[in-house]
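Step one of this worksheet: look at the structure below.
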């Protein structure tokens, strides 16, 4: 089983967001980079978010896969090298793997080495004849695909979960161009994109009643405390998420409950009561867009 796993580690700079943190916290409208979400605990929390009843994207995307899997499998064909960007637990990918028995290989890409290794071992157990070639990398940075044991008829990039919505539309176009450079000019693309819909449904998806998304958002501050020696009081901030209809996006923020001062590796950051740190956007689209 273990021989089926060929891991490539690009040793992503997990502290590469350091300058972005300091720059973002000094803006008039404070920001933190979304990459901060995905330490080991953050990755587990995101998996838990996808299981919440309010969080429709995962459930809806899985339903589409289940309903259209034969059509998708026929379009992809045999001897495909399937490359998944931001694989996480690869849960939805199992539907594809089960219906694509003649894959040339599967390449899950994730920035969290521990999370990726656990997923790869689990998949190797479930699919013992599948060549699994995990890549530990920041998928927005430079990396190369490993060559499978047999020649692939084509490479297909898989980017589920409406993660493309986390990019500003102009950034999304640039990211897709980089994806083509990695996977080749004639690669295929299977992508999940969330559509604009009822505002309340969108609001509920990012404000689950169990508070998992709130924990996920606040985990950013816990990570800064742990890795940069910051002095954020997690009880002095609260999770805020809402749909900005004009911009067509969900915005996630961390709002200061009171006036306070925070130290971040020598930087002194002042917060007014009610002031927010913008942590993430999730753009929604219409079919024409």
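Residue numbers (the numbering used here): -5 to 283. Don't be surprised by glycine CBs; every beta carbon is placed ideally from N, CA and C.
C-beta contact flag for residue i and residue j at 9 angstroms
{"i": "residue 211", "j": "residue 235", "result": "yes"}
{"i": "residue 147", "j": "residue 74", "result": "yes"}
{"i": "residue 128", "j": "residue 104", "result": "yes"}
{"i": "residue 225", "j": "residue 30", "result": "no"}
{"i": "residue 243", "j": "residue 277", "result": "yes"}
{"i": "residue 81", "j": "residue 87", "result": "yes"}
{"i": "residue 26", "j": "residue 259", "result": "no"}
{"i": "residue 206", "j": "residue 229", "result": "no"}
{"i": "residue 118", "j": "residue 271", "result": "no"}
{"i": "residue 84", "j": "residue 113", "result": "yes"}
{"i": "residue 159", "j": "residue 37", "result": "no"}
{"i": "residue 181", "j": "residue 174", "result": "yes"}
{"i": "residue 79", "j": "residue 152", "result": "yes"}
{"i": "residue 139", "j": "residue 91", "result": "no"}
Where the beta strand (DSSP E) through residue i begins and ends
{"i": "residue 275", "result": "270 to 277"}
{"i": "residue 148", "result": "148 to 153"}
{"i": "residue 76", "result": "74 to 79"}
{"i": "residue 184", "result": "182 to 185"}
Cβ neighbour criterion (16 or more within 10 Å) applied to residue i
{"i": "residue 199", "result": "buried"}
{"i": "residue 261", "result": "exposed"}
{"i": "residue 131", "result": "buried"}
{"i": "residue 256", "result": "buried"}
{"i": "residue 47", "result": "exposed"}
{"i": "residue 281", "result": "exposed"}
{"i": "residue 53", "result": "exposed"}
{"i": "residue -5", "result": "With a pLDDT of 44 at residue -5, under the threshold of 50, the predicted position of this residue should be treated as unreliable, though the coordinate-derived value follows. When all chains shown are included, residue -5 counts as exposed."}
{"i": "residue 43", "result": "buried"}
{"i": "residue 135", "result": "exposed"}
{"i": "residue 106", "result": "buried"}
{"i": "residue 57", "result": "exposed"}
{"i": "residue -3", "result": "Its pLDDT being 44, under 50, residue -3 is placed unreliably by the model, and the measurement read from it follows with that caveat. Under this definition residue -3 is an exposed residue."}
{"i": "residue 68", "result": "exposed"}
{"i": "residue 23", "result": "exposed"}
{"i": "residue 283", "result": "exposed"}
For residue i: DSSP bridge partner residues
{"i": "residue 255", "result": "264"}
{"i": "residue 243", "result": "238, 277"}
{"i": "residue 248", "result": "233, 271"}
{"i": "residue 179", "result": "In DSSP, residue 179 forms no bridge with anything."}
{"i": "residue 99", "result": "75"}
{"i": "residue 25", "result": "272"}
{"i": "residue 189", "result": "279"}
{"i": "residue 130", "result": "3, 104"}
Where the alpha helix (DSSP H) through residue i begins and ends
{"i": "residue 238", "result": "It is not in any alpha helix (DSSP H) - residue 238 instead sits in the beta strand (DSSP E) that spans 231 to 238."}
{"i": "residue 115", "result": "107 to 120"}
{"i": "residue 65", "result": "50 to 70"}
{"i": "residue 37", "result": "34 to 43"}
{"i": "residue 220", "result": "206 to 222"}
{"i": "residue 18", "result": "12 to 19"}
{"i": "residue 92", "result": "87 to 93"}
Min CB distance residue i to chain B below 9 angstroms
{"i": "residue 22", "result": "In the displayed structure, chain B is absent; only one protein chain is listed."}
Residue i Cβ short of 8 angstroms to the ligand GTP heavy atom set
{"i": "residue 4", "result": "Absent from the structure shown: the ligand GTP. Ligands present: none."}
>> Across the stretch 181 to 188 and the stretch 208 to 222, are there enough close Cβ pairs to call them in contact, namely three or more that are closer than 8 angstroms?
In response: no
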